[in-house]
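A short worksheet on the structure shown next.
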Amino acid sequence: MDYTPHTPQDLEAMLAKVGAKDLRDLFHDLPQDLIFPELDLPEPLTEAEMMRSLRELAAKNASAATSFLGGGLRAHYVPAAVVPLAARAEFISAYTPYQPEVSQGLLQAIFEYQTMISELTGLPVSNASLYDGSTALAEGVLLALRETGRNKVLVSQGVHPEYREVLKTYLDAIGAELEEIGLRDGKASSVQVSADVGVVVGANPNFLGAIENLAPLADAAHAAGALFVAVVDALSLAVLKTPGSYGADIAVGEGQPLGNAMAFGGPQFGFMAVRENLVRQLPGRLVAETSDVDGKRGYILTLQAREQYIRRGKAKSNVTTNAQLTALMGAVYLAALGPQGLEEVATRSVVNAHELAKRLTAIPGVRQVTPEPYFCEFVLELPKNPVQVRSELAGRGIHAAVPVPAEYGENLALFAATEVHTKKDLAGLEAALLEVLA
Amino acid sequence: MDYTPHTPQDLEAMLAKVGAKDLRDLFHDLPQDLIFPELDLPEPLTEAEMMRSLRELAAKNASAATSFLGGGLRAHYVPAAVVPLAARAEFISAYTPYQPEVSQGLLQAIFEYQTMISELTGLPVSNASLYDGSTALAEGVLLALRETGRNKVLVSQGVHPEYREVLKTYLDAIGAELEEIGLRDGKASSVQVSADVGVVVGANPNFLGAIENLAPLADAAHAAGALFVAVVDALSLAVLKTPGSYGADIAVGEGQPLGNAMAFGGPQFGFMAVRENLVRQLPGRLVAETSDVDGKRGYILTLQAREQYIRRGKAKSNVTTNAQLTALMGAVYLAALGPQGLEEVATRSVVNAHELAKRLTAIPGVRQVTPEPYFCEFVLELPKNPVQVRSELAGRGIHAAVPVPAEYGENLALFAATEVHTKKDLAGLEAALLEVLA
Amino acid sequence: MIAEKKEVNVESPLIFERSVPGRRGVRPPAVLEADLSALLGAENLRPEPPKLPEVDELTLVRHYTGLSRRQLGIDVAFYPLGSCTMKYNPKVHEAAVALFADLHPYQAPETAQGALQLMYELQRDLSEITGMDATTLQPAAGAHGELTGILMIRAYHDSRGEHAGRRLVLVPDSAHGSNPATASMAGYALKEIPSGPDGEVDLEALKRELGPHVAAIMLTNPNTLGLFERRIREIAEAAHAVGAQMYYDGANLNAIMGVARPGDMGFDVVHLNLHKTFTVPHGGGGPGSGPVGVKKHLEPFLPSPQVVQRGETYALDYNRPQSIGRVKSFYGNFGALVRAYAYIRMLGQEGIQKSAALAVLNANYLKELLKEQGYRVPFDRICMHEFVAQPPEGFKTLDIAKGLLEMGFHPPTVYFPLIVKEALMVEPTETETKETLETFAAAMGEILQKGKEWLEGAPYTTPVRRLDELQANRKPKLRWNL
Amino acid sequence: MIAEKKEVNVESPLIFERSVPGRRGVRPPAVLEADLSALLGAENLRPEPPKLPEVDELTLVRHYTGLSRRQLGIDVAFYPLGSCTMKYNPKVHEAAVALFADLHPYQAPETAQGALQLMYELQRDLSEITGMDATTLQPAAGAHGELTGILMIRAYHDSRGEHAGRRLVLVPDSAHGSNPATASMAGYALKEIPSGPDGEVDLEALKRELGPHVAAIMLTNPNTLGLFERRIREIAEAAHAVGAQMYYDGANLNAIMGVARPGDMGFDVVHLNLHKTFTVPHGGGGPGSGPVGVKKHLEPFLPSPQVVQRGETYALDYNRPQSIGRVKSFYGNFGALVRAYAYIRMLGQEGIQKSAALAVLNANYLKELLKEQGYRVPFDRICMHEFVAQPPEGFKTLDIAKGLLEMGFHPPTVYFPLIVKEALMVEPTETETKETLETFAAAMGEILQKGKEWLEGAPYTTPVRRLDELQANRKPKLRWNL
Ligand SMILES: Cc1ncc(COP(=O)(O)O)c(C=O)c1O
Ligand SMILES: Cc1ncc(COP(=O)(O)O)c(C=O)c1O
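Take a look at the structure:
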């Protein structure tokens, strides 16, 4: 079933008007031997049939709503008000607000979002969103290289491995050099920043969950005339020092913990905040307050000269469609919880994680690899292959133990706890892991 | 967690303004020994906790989305557009449109609904909805008694047993007499209608699923100066003769097949349509087209003198809140499918039901009780207690075989098929029933 | 408003006016070969299909989305409609209901234990909150609950051979219309009891009417003036002394939800409006739910079935020989029950009592603010969840309401209760902020400043302006015609 | 509009302006005893909390509901935004996505077989529709897909030791800005190829630029003028003759979806915009999805991981030694993939081809109607899914757009492509009715009648009128401050 409204009468009248004898005739400019090929696609379905078959597919998945999986995304609770509000028909069915007079709803919501991200990061300027945390990092680094005119990047191994892979892809593209800062005892070791380095990247908390003091890294970067980029956990900013306060010129991260479903990895949104002086280097949409001809307050896309549709080859980025709706969900989430609610989510996640670590490290053969202090994720060394462990736990209806890449060591698994977990959940995982490792 | 926005500062300022020293003080008019009792209620939960506990409750139910259960409600497919449109925040959070200037959305939608019901029933006037099919019947009969000034009711045994129970409750209340017309060979037998009878009630299709020719019943009623009420299946009106065409003065029925979930029995909506001359006897809301001071077309509640809030003790009914939102879902459903779509739903349901009957009656010991022709429900006599059979089928993951009250015979079970069923579903039930009856 | 304004040149077209012959929207699964005349009998088929709209799905979406933008609800604006408790309806309730959408009332009970447990616990919790011994969840709305309750009272008297002698129901003159209407539907004669100078039931007048011929007294407490009936215990004693039953109309329970229990005040029967007190959305006029709680002596008469617990399982009990019978098919508006259940689970005793108290505080705060704006309050004392005000001398309540529309607010209930001239019945509910109450009060003042002429012309910028009711009543056009 | 207009005296308050210290909205589960300084280190804690809004849930709901009523989308009005394919987004897709919301990308693959199967089948179906041999679902949008595609081309040349010699990417002057921007991001030099008098790529000029130094040609076909590049095969042959790769920007695939396959025309790489051609909602600017299909010789370079089938099970294949690496964390925007999958399942070959053909028919019909209203069409022949028009002499495209806002329509894309002065790029899509196209054309005529003065003042009744862009650019206010 398709969504075309044309009746046979419509077709006839419209074809006549455009002077085509049939639909095929509309394609006479095309190579005639190519058009209307046989496609090897399944038979069309009605809505009801499609939904039923999708339900069958969905039944082959197990919900991770109360999982202990981490590593970029976590099982947080999304308040019921978030989706109905952010997905109001007018928001979800609009596109980039090029026509501000009829897009004030979206533009104001983005302006509010920019303010919230600025508050979380302690940096004055936020853009309207980027694809995700990994691409936000890549764009942040490119921004820094543009600004410094340099071509070398130092990135901490504490940054999510997949983020570093994405970064590498982007840097290879422009022939920039990527060098890694290894971890010592689970935290970025101090480094010499040479004069050809344009940007240094640290993560807080890092991939192992450890909270790092990134100030020295930032200072080292600045001392060498480089910029400092902090990859941060959006939720942690409810309680942890802002990147702005410890010298980050650019803060980037993944927005999922803020009211977005895990959705098997996407879509969520990436956020980016920068210092005032970098605003004209910023990639992506940016909304500013202004007023209309009657002096009424309004909002509008601004500094568009940064963007591809004006600057083309010289644009700051090729990004066009970004992640507005999911970013809006983030804004609605932050407004729904407020500073206190967000702090409570963070606190409960932290407390649960620490209790979980206590329980699990009590299991013979299990050793905690993540150093103190850590946020709500931590890495354990297991006496057994983590892939195996994850499967056996899943067999018991519990999702946990993300296998950690070998670069960090052997038999390492990452665990996360959040506000959704109860003591019973923690005990349940403890018991299951005991069995699995027995 | 509650939904009050008051901060401590708000409380203080507001209490001061109203001259109360604390919240308890606001209740000084109440018997002081009674107020703020200890209530034996479970501990409060947050939204996340409540939803999790509800999910656990829900997990104790088995979905009947593709069930073969009937008897007033059936498993039909509700197109995905119905709920998001009908439940738009402005509709779901409004109340009765007493202020038409800001309620045109709802009022127009009701006017359109009235038109659709009028088209389905072949009667000129529909009200805005009633609670459900059973109460619509009761209200329809009371209307007829008001109009005729008589006090006796003849109702066919073909009417849903629960509807008749509800009718009895309403009639006992006003001391009216209820007499039943028995079924012969599964259809209402012909009757003598005495001069004291105010209304005769028939059903089409009847509770056994059989399609009846109600014209003779209607004629008999009219000949005796009584009115005739037809209880009809909303979906069947896509293809079956309208009640208006065979002499019904009043048509009532259950709206669930039209885009409403089964929801364990409610809420759905009841519909009622009547002849022109009965409009001022109609219970419930009624919307009319009119124009505003600028001559602009608009819609408004009309003939309110019929209603309790004007006429009080002399009102046509006490009904106030009815079933507007679920009726709106019915209207959206009808508009989504259109005449052809609705006919296709009806046709597929009929075809499936007839194939199912063929398959099941081929099972030894199973006999079809419902006479030809029938719509999409039918009754079978089983060689085994239907309550038992329903449970054993449920054990096999199939919902079917509604036990039929003893008044219709022993070991009878009702089956329904709809457009949601595939050949595979039909075969599945056949196989399961074979096992259960083996 | 942006769109439909133009898309449709000034007026909003009917869905029928958007219809085009042969156009299709949602398509059902493919129809198998079918010869309907063979299957259903040619003589039973309708000659031509119903004239339903023929629109594509996008047109459907634009139509109803457009209509919703011509509609105002709680989610859009403050809606202090007295007696209707227009409190915020939590979005989470819609998610909760969705979990139970696909249950059939006749599926094997062992496959619906979750639903039955929910109903069982709700029966129990509502009894606890109202101070009753048992509760039925079957009635579909408040008025339906009223009928159910009065019929149980009637059955009770009947069971004692007293029905014949008790033909009268007493209601105060301030009662909601559904009370007398219900009494009539239940076959009772009616007597209105005047309100005293304090706005409460005139106890003496009531006593004069009381006697062995009285079946019941129907009261709302707080009454429709928003005042608590302070002599409620005397009233109950006097009623019980002559064998009459006390009926509590729960539409105003929000004032005392959990704070004071009707059962403790001497009421024998209580109906609730879950769509008011317990945040079931009003839906533009339902569906609602009107559970009824009763004292022990009335329990035998509850509608059938009731949900009962048998050991570990929950069941439907149909074995109720003295029951008044059924008032609705199946088990009531289950979807509404899920919402109320979710609400009670989240609030608990603490949240329930706090919500009632703050509903009262909001009403009293707004009462003070409106007095400052020049509105009159006939019975001016600490009110409950609502109060009745009057515009300053010379202003018409209708015009005040229309002026408020222009200011973007939904007006209070107007011209009710009937015993107060030009009544404005204001119920802010506990979910409104102090700022909203203040903005509303300021608007109430501003429209007075704008003066009578402006008010009589209001509203000006709503989708339509004042409509011609007479035209609608004289020869009502009740459906679209080609 | 009714409400927030006043509720907030003329302007729409910011959520921060609705904030009240200490007010709470949604509350998370009770916090257990916690000493954060002990757990996280006092030195790591922020001195004061972020200044986030403090609002109750009802205020939250009114705020965003109110904002949505100041916003226009496809569901409200016709939205012929050229190059963006603003077709109807089926509501059922939202229900479909909800079925997969709670999956974590790192959960054990055996517990996510349904999701992996969906991705596997979508890779296959998109390859089939584009005529490619393999498809990656990882890119998050079209531009992201462009980068992915160009990097694969680069890796391909590199694998043949030709990278050093091939530093140039050719794009037509009519190309979308993201094409040149992408080439730059991929480290390529750029050369723009002029369009010929027929609006198509000037083949001779192209051939002059072609050579062993060229890495790729990026084309949209139909191009941004809505015209099909008739010499596409010669172009491809010429490119391949010198070892250059053909890149297909799929933003315009809606014109030929299933009707003609880029792979059959000689393209080596294709990106798709699922949020255009395959009805993923645009969401106010994403999230989208930009899968990339490639021919066999480029398959080794696809990003890692790919979804593969191993016997009965589906798995993520990370073993891709020649891969360009990752372009996004995890597996792409899965939620968007579910929608596209649902769409393809429902339409099948028949629906897909029909939808493309009717998108073309709608565009040509509207083109004829606009010509009747006096609009100019620079390249007037049978167009594809869209066409570029110009207002009559003397009228400004910007004013036309603003005039349309006043008429309740979203305007076409304006001032693009750059090669047409005062361009109006009109893409109606296949989901619009004949009546809507006619109403729109009539409005396009009506605003011309209203004259320049009216147009220069338009819009008049939108939530705000023309805004001061300079003010916004000079010293942009990019966040709220107390
Ligand atoms: C005081 C009072 N009693 C009874 C009712 C009737 O309740 P319902 O509308 O749910 O039938 C209402 C509400 O309309 C009311 O305000
Ligand atoms: C022709 C063309 N190419 C590429 C793009 C970029 O796609 P996206 O916005 O999904 O990044 C667009 C849309 O903006 C486009 O119109």
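Protein chains in written order, with this note's numbering: chain C, 1 to 438; chain R, 439 to 876; chain X, 877 to 1358; chain F, 1359 to 1840.
The C-beta atom is built at its ideal place from N, Cα and C for all residues, glycine as well.
Sheet register partners of residue i (DSSP bridge)
| i | result |
| --- | --- |
| residue 381 of chain C | C/367, C/412 |
| residue 1771 of chain F | F/1783 |
| residue 210 of chain C | C/374 |
| residue 1149 of chain X | Answer is none; residue 1149 of chain X lacks a bridge partner. |
| residue 1688 of chain F | DSSP output for residue 1688 of chain F lists no bridge partner at all. |
| residue 671 of chain R | R/692 |
| residue 1123 of chain X | X/1094, X/1145 |
| residue 1663 of chain F | According to DSSP, residue 1663 of chain F bridges with nothing at all. |
Extent of the continuous alpha helix (DSSP H) run through residue i
| i | result |
| --- | --- |
| residue 993 of chain X | 989-1006 |
| residue 1805 of chain F | 1792-1815 |
| residue 1032 of chain X | 1018-1035 |
Within-9 Å CB hit, residue i to chain C
| i | result |
| --- | --- |
| residue 1843 of chain F | In the structure displayed, chain F extends from 1359 to 1840; residue 1843 of chain F sits before or after that span and is not available. |
| residue 532 of chain R | no |
| residue 1212 of chain X | no |
| residue 1109 of chain X | no |
| residue 858 of chain R | yes |
Ligand 3 heavy atom lying under 8 Å from the CB of residue i
| i | result |
| --- | --- |
| residue 1542 of chain F | Looking at this structure, you won't find ligand 3 anywhere; what it does contain is ligand 1 and ligand 2. |
Residue-level contact to chain F via CB, residue i, 9 Å cutoff
| i | result |
| --- | --- |
| residue 317 of chain C | yes |
| residue 881 of chain X | For residue 881 of chain X, the predicted model reports a pLDDT of 38, less than 50, meaning its position is unreliable; a value from the coordinates is still stated below. Yes, residue 881 of chain X lies at the interface with chain F (some Cβ there is under 9 Å from its Cβ). |
Chain R within 9 Å of residue i, Cβ atoms only
| i | result |
| --- | --- |
| residue 1888 of chain F | A question about residue 1888 of chain F goes unanswered here, because the residues of chain F that appear run from 1359 up to 1840. |
| residue 1450 of chain F | yes |
| residue 1467 of chain F | no |
| residue 1847 of chain F | The requested residue 1847 of chain F does not occur in the structure, where chain F is confined to residues 1359 to 1840. |
| residue 1185 of chain X | no |
For residue i, the first and last residue of its enclosing beta strand (DSSP E)
| i | result |
| --- | --- |
| residue 735 of chain R | 735-739 |
| residue 553 of chain R | Counting along the chain, residue 553 of chain R falls outside any beta strand (DSSP E), though it belongs to the alpha helix (DSSP H) covering 542-559. |
Residue-chain proximity (residue i, chain X), Cβ-Cβ < 9 Å
| i | result |
| --- | --- |
| residue 1376 of chain F | yes |
| residue 205 of chain C | no |
Self-check item: Residues within the region 922-952 of chain X neighbouring chain F, beta-carbon criterion of under 8 Å
Solution: If the cut-off is 8 Å between Cβ atoms, the region 922-952 of chain X has 932, 933, 934, 935, 937, 938, 941, 942, 945, 948, 950, 951, 952 near chain F.
Practice problem: Could you name each continuous alpha helix (DSSP H) segment of 4 residues or more that falls completely within the region 460-514 of chain R, going from the start of the chain to the end? | Solution: Complete alpha helix (DSSP H) runs here, min 4: 485-496.
Quiz item: What are the start and end residues of each continuous alpha helix (DSSP H) run of 4 or more residues lying completely inside the region 576-645 of chain R, in chain order?
Solution: Correct list: 599-612.
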